[in-house]
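So the structure is just underneath, and the comments pick up after that.
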Amino acid sequence: MKSVLVAGGAGYIGSHAVHQLVERGYEVAVVDNLKTGRLAAVHPKSIFYEGDLRNRNFLTQVFSRHRFDAVIHFAASSVVGESMKMPLEYFDNNVYGTQVLLEVMRDAEVKKIVFSSTAATYGEPEKVPITEDMPTNPTNAYGETKLAMEKMMKWADVAYGLKYVALRYFNVAGARNGGDLGEAHEPETHLIPLVLKVALGKTPAITVFGRDYPTPDGTCIRDYIHVEDLIDAHVLALEYLNSSGTSNTFNLGSSQGFSVEEILSAARKVTGHSIPAQLGPRRAGDPARLIAGSEKAQKVLGWKPSRTSIERIISDAWRWHSRHPDGYTASI
Ligand code: UFG
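Here the sequence shown is numbered in our numbering, starting from 1 and rising by one per residue.
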């Protein structure tokens with residue numbers, strides 16, 4: 001399998017995927033509407049098309065210029081808080097965008113898709129680690145859209161034989177080793193980049209969202225996974241679709257939990273900065289503990305995450321943020 005379309009290939013995770021795919025010898029075309037993606041993050045050896053998945057004519061034209069073996073689909077709105085304020089826009093962009101993509105794939109007879117899903121499909125888990133057979137009860141509109149997208153693929157498989165791998169990400173962090181590709185959301189909502197902005201002196205303090213959770217230090221526990229390990233699993237998922245010809249769903253996490261306080265102390269150690277913190281109220285909808293059971297991906301896909309230490313994840317992110325304190329705009 002050589003020719004791949006990456007939808008959302010200018011975003012944080014998508015751009016890391018494009019770089020790895022190009023390096024592994026794939027022919028890569030990228031579709032991105034550049035609403036949140038950055039052109040500077042797109043690999044120069046990929047073929048870039050600016051446009052929106054909901055624009056059927058645009059997408060049909062892209063498919064007519066290539067013979068794609070598969071699609072990797074990252075293009076979605078992904079801010080949980082925002083999804084609660086504008087759920088209809090989230091359904092439009094995420095669910096309708098995916099519907100058009102699947103229709104164009106069906107018409108072009110492209111039958112394989114690797115799909116960026118989320119731990120938010122589970123909602124508040126009954127227990128951790130979370131395994132793929134546990135109930136899916138999203139507690140936010142973002143997670144609900146991703147679950148709807150998974151279900152759309154399931155029925156497209158039944159009707160048209162479209163095979164999919166849904167990858168449910170836990171907390172993706174870190175950056176490419178060289179420090180030229182990284183996380184640059186605007187506005188930023190994720191813990192690790194926000195903590196590193198404090199270390200850079202761009203913001204005065206990090207607000208810890210609640211210290212009264214039922215965890216050892218009272219702060220929320222999450223499973224952080226290095227973006228490059230995450231992308232390794234996407235490449236394996238492409239190979240899996242090729243060799244097995246069956247659809248499947250996998251969690252992607254490091255199977256280890258770190259509290260907000262533990263992230264703060266690791267970031268202080270990595271950066272050598274004090275990183276002041278202040279206590280704030282709980283953020284609505286935050287579960288106390290989310291930890292992935294990722295054995296299925298390891299067993300079935302042969303995935304071996306190798307950058308699992310939290311110091312490694314934070315130091316790779318730190319290299320990117322210190323080299324590009326204003327993200328892509330000012331420094332590239
Ligand atoms: N946090 C703070 N202060 C901040 C930002 C975050 O204390 O300024 C805390 C949050 O309360 C949470 C932890 O840090 O406990 C991690 O928060 P993130 O916003 O970095 O990540 P989330 O766990 O909320 O979100 C991640 C993904 C989402 C996905 C969700 C699944 O980024 O895409 O997991 O629940 F939907």
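Yeah, the Cβ is synthetic: ideal placement off N, Cα and C, and Gly gets one too.
Bear in mind that the values here come from a model prediction, so they are computed numbers and not experimental data.
{"Query": "Glu82 - DSSP class collapsed to helix/strand/coil", "Result": "helix"}
{"Query": "Reduced DSSP secondary structure (H/G/I, E/B, other) of Thr222", "Result": "According to the sequence shown, residue 222 is Arg rather than Thr. Correct three-state label for Arg222: strand."}
{"Query": "Distance between beta carbons of Leu194 and Glu333, contact taken as under 8 Å", "Result": "Since the first residue shown for the chain is 1 and the last is 332, residue 333 is missing from the structure and cannot be characterised."}
{"Query": "Beta carbon of Gly285 nearer than 8 Å to that of Asn93", "Result": "no"}
{"Query": "Any non-hydrogen atom of the ligand UFG closer than 7 Å to His190 Cβ", "Result": "yes"}
{"Query": "Assigned secondary structure, Ala284 (DSSP; H/G/I helix, E/B strand, else coil)", "Result": "coil"}
{"Query": "heavy atom of the ligand UFG below 7 Å from Ile275 C-beta", "Result": "no"}
{"Query": "In DSSP terms, what Asn242 is bridged to", "Result": "According to DSSP, Asn242 bridges with nothing at all."}
{"Query": "Three-pair Cβ contact test at 8 Å for the stretch 40-47 versus the stretch 216-226", "Result": "no"}
{"Query": "Exposure label - Gly97; buried when at least 16 CB within 10 Å", "Result": "buried"}
{"Query": "DSSP-derived helix/strand/coil call for Asp157", "Result": "helix"}
{"Query": "Three-state secondary structure (DSSP) of Leu252", "Result": "strand"}
{"Query": "heavy atom of the ligand UFG below 7 Å from Asp286 C-beta", "Result": "yes"}
{"Query": "Leu53, DSSP secondary structure in three states", "Result": "coil"}
{"Query": "CA-to-CA distance, Leu39 to Val71, given in whole angstroms", "Result": "20 Å"}
{"Query": "Euclidean distance between Cα positions of Gly369 and Ala317", "Result": "Since the displayed the chain opens at 1 and closes at 332, residue 369 lies outside it and no answer follows."}
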